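**Student:**
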Amino acid sequence: MIIQRVVLNSRPGKNGTPAAENFRVEEATLPDQISEGQVRVRTLYLSVDPYMRCRLNEETGVDYLKPWQLSQVTDGGGVGIVEESKYAHLSEGDFVTSFSWPWQTRAILDGEILEKVTPQLVDGHLSYFLGAIGMPGLTSLLGIKEKGHVTAGSNQTMVVSGAAGCCGSLAGQIARLEGCSRVVGICGTDEKRSVLVSELGFDAAVNYRTEDVEGQLRDLCPAGVDVYFDNVGGSVSDAVIRQMNENGHVVLCGQISQYNRDVPYPPQLPPAVEAILKERNITRERFTVLNYRDKFDSGILQLSRWFREGKLKVGLRREADLPRSSRLLPGLLPVALGADTGVRSPRPLTRNPACTETRRRHRNLLRNRFGPTLSNGSCRLRRVFLLFVVSVKRSLGARHCSKPWASPHPERPPPSHELLPFVPFRSVAKKNVASHSFF
Numbered sequence: 145m146i147i148q149r150v151v152l153n154s155r156p157g158k159n160g161t162p163a164a165e166n167f168r169v170e171e172a173t174l175p176d177q178i179s180e181g182q183v184r185v186r187t188l189y190l191s192v193d194p195y196m197r198c199r200l201n202e203e204t205g206v207d208y209l210k211p212w213q214l215s216q217v218t219d220g221g222g223v224g225i226v227e228e229s230k231y232a233h234l235s236e237g238d239f240v241t242s243f244s245w246p247w248q249t250r251a252i253l254d255g256e257i258l259e260k261v262t263p264q265l266v267d268g269h270l271s272y273f274l275g276a277i278g279m280p281g282l283t284s285l286l287g288i289k290e291k292g293h294v295t296a297g298s299n300q301t302m303v304v305s306g307a308a309g310c311c312g313s314l315a316g317q318i319a320r321l322e323g324c325s326r327v328v329g330i331c332g333t334d335e336k337r338s339v340l341v342s343e344l345g346f347d348a349a350v351n352y353r354t355e356d357v358e359g360q361l362r363d364l365c366p367a368g369v370d371v372y373f374d375n376v377g378g379s380v381s382d383a384v385i386r387q388m389n390e391n392g393h394v395v396l397c398g399q400i401s402q403y404n405r406d407v408p409y410p411p412q413l414p415p416a417v418e419a420i421l422k423e424r425n426i427t428r429e430r431f432t433v434l435n436y437r438d439k440f441d442s443g444i445l446q447l448s449r450w451f452r453e454g455k456l457k458v459g460l461r462r463e464a465d466l467p468r469s470s471r472l473l474p475g476l477l478p479v480a481l482g483a484d485t486g487v488r489s490p491r492p493l494t495r496n497p498a499c500t501e502t503r504r505r506h507r508n509l510l511r512n513r514f515g516p517t518l519s520n521g522s523c524r525l526r527r528v529f530l531l532f533v534v535s536v537k538r539s540l541g542a543r544h545c546s547k548p549w550a551s552p553h554p555e556r557p558p559p560s561h562e563l564l565p566f567v568p569f570r571s572v573a574k575k576n577v578a579s580h581s582f583f
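In our numbering, the protein residues as written are 145 to 583.
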């Protein structure tokens, strides 16, 4: 079986910025047979995250992440569907996720590294398992609970830097749900600031590119800052810490402004800021969500409950087809490092054989009846005609495909977890147009 995969072509250097030449997309052959304990999966979604920047270096600087190797396939968080299984706990058709999913259209993986997921938890939005109802959501939730020490009724104020990113946008909402009386975000554009306040429930937001962060925080946080969810580090964090109250807490989630620099993690603070931490008894502790695996199940259920109740809103997500990643990857990692909002999910472009055969028959039918011009040119008229054909066939009880139908938009599987045996062509046409959004 021929597959496409993304491999590391070169390293940008510890002080460099990821670029196109650091990656390449190539074809490879996947074995037809799998061994006991293995599973063959088809990739549906992959996540591009800020932490991946350190994996581009020869050494990551942390013991829980390994660097990507040259000419080897890259990996990260992913969601897919099981096509064949010789692992006792997984069956064909199961949706699964892993933190070590290879960036390729199909893969053979050990069943032990896969976790079965339930589409109902995310109302069918499978990509949310890589965002709000996945590792970023757990990072925000557990970071606030374990390091933020938020207490309902304590009239606490939280500031979130990188507030328009995946973790930041969730952290602000979770802080409110956990009991913070005021939440202020820091972001990089006026558009993001507007989204944070009008859509995600932040009380206020600061554009650090055009405004004086420290001066704005004095006005927006008159009672000072009790909890700081730090995603960026650098001068922004220095400004926030100077506004913090005694016995405050810094949740050290990330230092995105420092990832393209060869500095230790976490980076050292300026002496004056370090002195403030000591004088005011402010905690600033490194937070690693992987240290709290025992809380993952309850955390996922809590996040899912908030999401389904409409209390937790999922911000902007961008999706792209994996075969096009050769030109998208240069932008994906810089974007993940803070250039826009949300998590990035390159999605493999896959076609169901039954769908392809159905379209071929439709084209031949039109070509035989109306000639090649209509069958190749007028898409709108063709759809009208095909809709008529579908209606007639459905009224007669006929079906287009004898083979099971795999939805062209796997993000919304049927509630029963089973693949639909038949989908009207009209729905197929609309979904194929609407589901592919590129940036």
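Idealized CB from N, CA, C, for every residue including glycine. If you're wondering where the values come from, they're calculated on a predicted model, not measured in any experiment.
1. Assign Asp219 to one of three DSSP states: helix, strand, or coil.
2. Which residue comes first and which comes last in the beta strand (DSSP E) that contains Gln182?
3. Just reading off the beta strand (DSSP E) that Met196 is part of, what are its end residues?
4. When the Cα atoms are used, what is the spatial distance from Lys457 to Ala307?
5. Distance, Cα to Cα, Ser242 vs Gln248?
6. Flag this pair as yes or no: are the beta carbons of Leu285 and Gly443 separated by less than 9 Å?
7. Where does Leu481 sit, in a helix, a strand or coil, going by DSSP?
8. Any idea if Ser271 is buried or exposed, counting beta-carbon neighbours within 10 angstroms, 16 or more meaning buried?
9. Could you tell me how far apart the beta carbons of Asn351 and Arg337 are, in whole angstroms, since I believe they sit closer than 8 Å?
10. Is the beta carbon of Val240 sitting closer than 9 Å to the one on Val185?
11. Does the separation of the CB atoms of Val327 and Thr301 fall below 9 Å?
12. Between Ala315, Arg250 and Ser154, which has its C-alpha nearest Gly281's C-alpha?
13. Report the start-end ranges of each beta strand (DSSP E) in the stretch 312-369 that is 3 residues or longer and not cut off at the edges.
14. Please name the residue, chosen from Leu258, Ile252 and Asp238, that lies closest to Gln264 on a Cα-to-Cα basis.
15. Per the contact definition of three or more C-beta pairs closer than 8 Å, is the stretch 224-231 in contact with the stretch 147-163?
16. Applying the 10 Å Cβ sphere with the 16-neighbour rule, what's the burial state of Ala276?
17. Quick one: does the C-beta of Tyr372 sit closer than 8 Å to a heavy atom of the ligand FMN?
18. In this structure, what does DSSP give as the bridge partners for Ala172?
19. Gly306 CB to nearest chain D CB: under 9 Å?
20. Could you pull out every residue in the same chain whose Cβ sits closer than 7 Å to the Cβ of Pro156, ignoring the five residues on either side in sequence?
21. Would you please state the rounded distance, in angstroms, between the beta carbons of Asp382 and Pro414? I believe it to be under 8 Å.
22. Using a Cβ-Cβ cutoff of less than 7 Å, which residues in the same chain neighbour Arg428 once the five nearest sequence positions on both sides are dropped?
23. Measuring straight from C-alpha to C-alpha, what distance separates Tyr436 and Glu171?
24. Is DSSP giving Lys260 helix, strand or coil here?
25. Express the C-alpha separation of Ala419 and Asn425 in angstroms, rounding to a whole number.
26. Can you find the residues in the same chain that come closer than 8 Å, C-beta to C-beta, to Glu259, ignoring five residues on each side of it along the sequence?
27. Could you name the residues that DSSP lists as bridge partners for Val303?
28. Using only the alpha-carbon positions, how far apart do Pro411 and Ile252 sit?
29. Expressed to the nearest angstrom, what Euclidean distance is found between the alpha-carbon atoms of Ala349 and Leu321?
**Tutor:** Short version:
1. Taking the first residue of the sequence shown as position 1, residue 219 is located at position 75. The answer is strand: DSSP assigns Asp219 an E or B state.
2. Numbered from its first residue, the sequence shown carries residue 182 at position 38. Element bounds for Gln182: Gln182 to Leu190.
3. Working through the sequence shown from its first residue, we reach residue 196 at position 52. From DSSP, Met196 is part of no beta strand (DSSP E); its letter is neither H nor E.
4. Residue mapping note: residue 457 aligns to position 313 of the sequence shown, counting from 1. Residue mapping note: residue 307 aligns to position 163 of the sequence shown, counting from 1. Approximately 14 Å, taken between the alpha carbons.
5. In the sequence shown, the residue the question calls residue 242 occupies position 98. In the sequence shown, the residue the question calls residue 248 occupies position 104. Their Cα atoms are separated by approximately 14 Å.
6. As a position in the sequence shown, residue 285 is number 141, starting the count at 1. As a position in the sequence shown, residue 443 is number 299, starting the count at 1. Going by C-beta atoms, Leu285 is nearer than 9 Å to Gly443.
7. The count along the sequence shown starts at 1 and reaches residue 481 at position 337. Note that Leu481 has pLDDT 45, beneath the 50 cutoff, so the model's placement of it is unreliable and no number is given.
8. For the purposes of this step, residue 271 is identified with residue 127 of the sequence shown, where counting begins at 1. With 16 or more other Cβ atoms within 10 Å, it is buried.
9. Within the sequence shown, residue 351 is the residue found at index 207, counting from 1. Within the sequence shown, residue 337 is the residue found at index 193, counting from 1. Yes, they are in contact, since the Cβ atoms of Asn351 and Arg337 sit about 5 Å apart, within 8 Å.
10. If you number the sequence shown from 1, residue 240 lands on position 96. If you number the sequence shown from 1, residue 185 lands on position 41. Yes, they are a contact pair.
11. On the sequence shown, position 183 is the one that residue 327 refers to. On the sequence shown, position 157 is the one that residue 301 refers to. Yes, the Cβ-Cβ distance between Val327 and Thr301 is below 9 Å.
12. Numbered from its first residue, the sequence shown carries residue 281 at position 137. Minimum Cα distance to Gly281 is reached at Ala315.
13. 326-331 and 348-351
14. Taking the first residue of the sequence shown as position 1, residue 264 is located at position 120. The shortest Cα separation from Gln264 among Leu258, Ile252 and Asp238 belongs to Asp238.
15. no
16. Counting from 1 along the sequence shown, the entry for residue 276 is found at position 132. Per the 10 Å Cβ criterion, buried.
17. With respect to the ligand FMN, the structure shown offers nothing to examine, as it has no ligands at all.
18. For this step, residue 172 is matched to residue 28 along the sequence shown. In the DSSP output, where bridge partners are listed per residue, Ala172 has Ile147.
19. Here chain D cannot be found, since the structure has a single protein chain.
20. On the sequence shown, residue 156 is found 12 positions in, with the first residue counted as 1. Answer for Pro156: Pro162, Ala163, Asn166 and Leu200, listed in chain order.
21. In the sequence shown, the residue the question calls residue 382 occupies position 238. In the sequence shown, the residue the question calls residue 414 occupies position 270. With 8 Å as the limit, Asp382 and Pro414 qualify as a contact, their Cβ atoms being about 6 Å apart.
22. As a first step, residue 428 must be located in the sequence shown, where it is residue number 284. For Arg428, where only same-chain residues beyond five positions count, the Cβ hits under 7 Å are Val394, Leu396 and Leu421.
23. As a position in the sequence shown, residue 436 is number 292, starting the count at 1. As a position in the sequence shown, residue 171 is number 27, starting the count at 1. Their backbone Cα atoms lie some 38 Å apart in a straight line.
24. For the purposes of this step, residue 260 is taken as residue 116 along the sequence shown, with counting starting at 1. Lys260 falls in the strand class under three-state DSSP.
25. Taking the sequence shown and counting its residues from 1, the one referred to as residue 425 is at position 281. Taking the sequence shown and counting its residues from 1, the one referred to as residue 419 is at position 275. Taking the straight line joining both Cα atoms gives about 10 Å.
26. On the sequence shown, position 115 is the one that residue 259 refers to. Taken in chain order, the residues that qualify are Val240, Thr241 and Ser242.
27. Numbered from its first residue, the sequence shown carries residue 303 at position 159. Val303 is bridged to Val328 and Tyr372.
28. Counting from one through the sequence shown, the residue named residue 411 turns up at place 267. Counting from one through the sequence shown, the residue named residue 252 turns up at place 108. Spanning the two alpha carbons is a distance of roughly 39 Å.
29. As a working note, residue 349 is residue 205 in the sequence shown. As a working note, residue 321 is residue 177 in the sequence shown. Distance between the alpha carbons of Ala349 and Leu321: 18 Å.
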